[in-house]
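**Student:** In the numbering used here, the protein residues as written are 7 to 188.
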Amino acid sequence: MGILFWIMRGFPSVLGGNILRKYFYSIYWGHSNFLIPDHVTISGIKKIKIGNSFRVCPYVKLYIEEEGSIIIGDNFFANYNTFIYSRDNIVKIGNDCLIGPDVLIINNNHSLRPDELIRNQENITASIIIGNDVWIGAKSTILPGVVIGDGAVIAAGSIVNKNVEAYSIVGGVPAKFIKYRS
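(1) What residue range does the beta strand (DSSP E) around Arg187 cover?
(2) Quick check on the burial criterion: 16 or more other C-beta atoms within 10 angstroms. Buried or exposed for Leu123?
(3) Buried or exposed: which applies to Tyr91, given that a residue is buried once 16 or more other Cβ atoms fall within 10 Å of its Cβ?
(4) Can you look up Ile42 in the DSSP assignment and give me helix, strand or coil?
(5) Could you tell me if Thr47 is buried or exposed, where buried requires 16 or more neighbouring beta carbons within 10 angstroms of its beta carbon?
(6) Would you mind reading off the limits of the beta strand (DSSP E) that contains Leu110?
(7) May I have the straight-line CA-CA distance separating Val140 from Gly74, to the nearest angstrom?
(8) What distance in whole Å lies between the Cβ atoms of Asn114 and Asn129, which are believed to be in contact at a cut-off of 8 Å?
(9) Give me the Cβ distance between Gly100 and Gly137, rounded to the nearest whole Å; I'm assuming they're in contact under 8 Å.
(10) Apart from the five residues on each side of it in sequence, which residues of its chain come closer than 8 Å, Cβ to Cβ, to Ala162?
(11) Taking C-beta to C-beta, are Ile77 and Lys53 nearer than 7 Å?
(12) Which ranges does the beta strand (DSSP E) cover as unbroken runs of at least 3 residues, wholly within the segment 142–188, from first to last along the chain?
See below:
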């Protein structure tokens, strides 16, 4: 990448940055069918796999710690400020998923024992699995251990702390079943 880096430095910053980013990410993901604009943060790129037609808006963050990993299928779209975090387990998102703005998908939480300060307690992690054709509305939060079935819809502002059946619509805090898609 050394020579390409020096050649691209001479291009205008937006064009050069986009070409470098596309080249760099395509090495890890094995394809270049994705759109990653400026102001997107990707940490732990070697533990992230994305499918074709991956598109995100600015200020999206994909963040991995420890032994975590993120797998995202084909035809994925995440709106502004989406945060996907994986620590010590997997976050897997299927094909054809749409994520609204300000969504949090976090597979890590604190232990809540009363005999010790929360900040001193261990982290608890669990995988998050999101099926195909799922729509997660704006400002929703998906918590550790949740499985969201194919075709499900998560209403805006929901906190999902339990599994969601396929083709169901859930909403609220915590998210509860509303109806099935018709």
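C-beta: ideal position from N, C-alpha, C; glycine also. Being a predicted model, the structure only gives us computed values, none of them experimental.
**Tutor:** This is what the structure holds:
(1) By 1-based counting over the sequence shown, the position of residue 187 is 181. Premise fails: Arg187 is in no beta strand (DSSP E) and is neither H nor E.
(2) Position 117 of the sequence shown, counting from 1, holds the residue named residue 123. Exposed, by the Cβ-count rule.
(3) For this step, residue 91 is matched to residue 85 along the sequence shown. The residue is buried, with at least 16 neighbouring Cβ atoms inside 10 Å.
(4) The residue labelled residue 42 in the question sits at position 36 within the sequence shown. Residue state, collapsed to three classes: coil.
(5) By one-based count along the sequence shown, residue 47 stands at place 41. Classification for Thr47: exposed.
(6) For the purposes of this step, residue 110 is taken as the residue at position 104 of the sequence shown. First-last of the beta strand (DSSP E) with Leu110: 110–112.
(7) For the purposes of this step, residue 140 is taken as the residue at position 134 of the sequence shown. For the purposes of this step, residue 74 is taken as the residue at position 68 of the sequence shown. Roughly 22 Å between the two C-alpha positions.
(8) In the sequence shown, counting from the first residue as 1, residue 129 sits at position 123. In the sequence shown, counting from the first residue as 1, residue 114 sits at position 108. Right, the Cβ-Cβ distance comes to about 5 Å (below 8 Å), so this counts as a contact.
(9) Mapped onto the sequence shown, residue 100 falls at position 94. Mapped onto the sequence shown, residue 137 falls at position 131. Indeed they touch by this definition, with Cβ atoms about 5 Å apart.
(10) The residue labelled residue 162 in the question sits at position 156 within the sequence shown. If we look at Ala162 and ignore the five residues flanking it on each side, its Cβ neighbours are Gly106, Gly143, Ala144, Lys145, Ser146, Gly177.
(11) Counting from 1 along the sequence shown, the entry for residue 77 is found at position 71. Counting from 1 along the sequence shown, the entry for residue 53 is found at position 47. Not closer than 7 Å, so no.
(12) 174–177, 182–186
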